[in-house]
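The next block holds one structure in the form of structure tokens; read it before the comments.
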Amino acid sequence: MKDIKVRLKSAIILLLILIPFLFVIYYGKISGKIIGIIFYSLISTWAVYEVISHRILRKWESIIISISSVLIWLMPINWFINQENNPNNSFINLASNTGIDIQTLVEQIKLTVFFGYDEITKFRVLQLLILITLISFIYLVELFVSKAKLKRKINSYLIVIFVTWFIPLAFKAIFIFNAANIYLLFAMITIPIFTDSMAYIGGSLLGRKIIKVGFAPTISPKKSWEGVIIGFIFGSLFVFITMYLGHLMQGPSIFLILTNWRQLVTGLFILPIASIIGDLVFSGIKRILGIKDFSNLIPGHGGFMDRFDSMSFVAISMSLILLIK
């Protein structure tokens, strides 16, 4: 009971901190968007740090890599530069508006989330190349300095490579959704919460009563096939309700997110699965690192990526789905 009270209190405090920022970012126009970039980039930098700061790397190395992950936010550089010939490629040209239409949102996603061409540097994935080079150099030094076993070094290296680009990219996508459409952000937050909650309830009631083998016993021993299936079914239903709502409205609406049946059908399958996989991937990372939580930042919950693991995968999956024509 005490643990439940701590978790509930922490969740309420976290929401009271986050919700005002979400509305300021959406309605605040240019100043709100600047606050949003700072807010989300700081969160993603901390999230990277709390994942990579375990085991192999020394503290100063973890800090350097975490700060370097901001490169994912800073490129492409032309995203921050006013471009009269191509206004949809410049966030500055869009920041003075409250919300943006779906087509413009798709163009923003292509440019910023999926490593669009940077007209300033003349590269497409320069930030990724810099990060991989930096991380590889640090681990090359650790290969001779650290006394850890080679397998642990390789596992740590692969985890750091993954989270250093994936986490900032996911939070960048969430920021763009926040700035573009407050209802889409609401869906992004609630889809993984609802899917995970129904999976937990389903697993508690029916876990291993029908299928005796666990869903992923080596990664997350408590997960059952029954819970995952129930979470997927109710998650798909929730996606349908949240994403079909816009089709019932007359004219343009912030509720119209998935604009064609191909996007909707794909979303019904992919988004609940992405939520489940996101939880599983970061549980696997914790298992490899030998930790229960990434940090103790949020009492009773752990760190940011203990709470936003599913949402990060849903954000990237939603970005991909919006590209479907």
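Residue numbers (full-length UniProt numbering): 1 to 325. Beta carbons are placed, not taken as given, at the ideal position from N, Cα and C, and that holds for glycine.
Cut-off 6 Å between Cβ atoms - residues of its own chain near residue i, not counting five sequence neighbours on either side
{"i": "Ile285", "result": "Ile159"}
{"i": "Leu256", "result": "Gly246"}
{"i": "Leu258", "result": "Met243, Leu264, Gly267"}
{"i": "Tyr117", "result": "Arg124"}
{"i": "Arg275", "result": "It is Ser, not Arg, that sits at residue 275 in the sequence shown. So the list reads Pro192, Thr195, Ser310, Val314, once near-sequence residues are dropped."}
{"i": "Leu205", "result": "none"}
C-beta atoms of residue i and residue j nearer than 7 Å
{"i": "Ile227", "j": "Gly202", "result": "Rather than Ile, the amino acid found at residue 227 in this sequence is Gly. Closer than 7 Å, so yes."}
{"i": "Pro192", "j": "Val314", "result": "yes"}
{"i": "Ile270", "j": "Ser317", "result": "yes"}
{"i": "Lys33", "j": "Ala95", "result": "yes"}
{"i": "Ser69", "j": "Thr133", "result": "no"}
{"i": "Leu71", "j": "Gln127", "result": "yes"}
{"i": "Trp79", "j": "Thr45", "result": "no"}
{"i": "Val48", "j": "Ile161", "result": "no"}
{"i": "Ile254", "j": "Asn181", "result": "yes"}
{"i": "Ser283", "j": "Ser197", "result": "no"}
{"i": "Ile56", "j": "Ala148", "result": "yes"}
Cβ shell of residue i (< 7 Å), same chain only, five flanking positions each side left out
{"i": "Ile43", "result": "Phe171, Phe304"}
{"i": "Ile277", "result": "Phe313"}
{"i": "Val239", "result": "Ile191, Gly267, Leu268, Leu271, Pro272"}
{"i": "Ile77", "result": "Asp118, Ile120, Thr121"}
Nonlocal neighbours in the same chain, by C-beta distance under 8 Å from residue i, ignoring five residues either side
{"i": "Gly302", "result": "Lys292, Asp293, Phe294, Ser295, Asn296"}
{"i": "Glu50", "result": "Phe294, Ser295, Leu297, Gly303, Phe304, Met305"}
{"i": "Ile35", "result": "Phe21, Val24, Ile25, Gly28"}
{"i": "Lys59", "result": "Ser53"}
Residues bridged to residue i [DSSP beta-bridge criterion]
{"i": "Ala216", "result": "Ser220"}
{"i": "Ile25", "result": "DSSP output for Ile25 lists no bridge partner at all."}
{"i": "Phe123", "result": "Asp118"}
{"i": "Ile298", "result": "Gly302"}
Where the alpha helix (DSSP H) through residue i begins and ends
{"i": "Ile34", "result": "29 to 52"}
{"i": "Trp79", "result": "Element bounds for Trp79: n/a, residue is neither H nor E."}
{"i": "Leu271", "result": "261 to 289"}
{"i": "Ser146", "result": "Run containing Ser146: none; DSSP gives neither H nor E here."}
{"i": "Ser66", "result": "59 to 68"}
{"i": "Leu245", "result": "Looking at the DSSP string, Leu245 is not in any alpha helix (DSSP H), and its letter there is neither H nor E."}
{"i": "Ala315", "result": "309 to 321"}
{"i": "Asp196", "result": "182 to 206"}
{"i": "Lys209", "result": "No alpha helix (DSSP H) holds Lys209; DSSP gives it neither H nor E."}
Integer Cβ distance of residue i from residue j, believed to fall under 8 Å
{"i": "Ile12", "j": "Asn178", "result": "Rounded, the Cβ-Cβ distance is 21 Å, inconsistent with contact."}
{"i": "Tyr139", "j": "Lys153", "result": "7 Å"}
{"i": "Phe106", "j": "Leu322", "result": "According to the sequence displayed, residue 106 carries Val and not Phe. The pair is a contact, with the Cβ atoms about 5 Å apart (cut-off 8 Å)."}
{"i": "Phe215", "j": "Lys223", "result": "4 Å"}
{"i": "Ile65", "j": "Ile19", "result": "Wrong, their Cβ atoms sit about 31 Å apart, outside the cutoff."}
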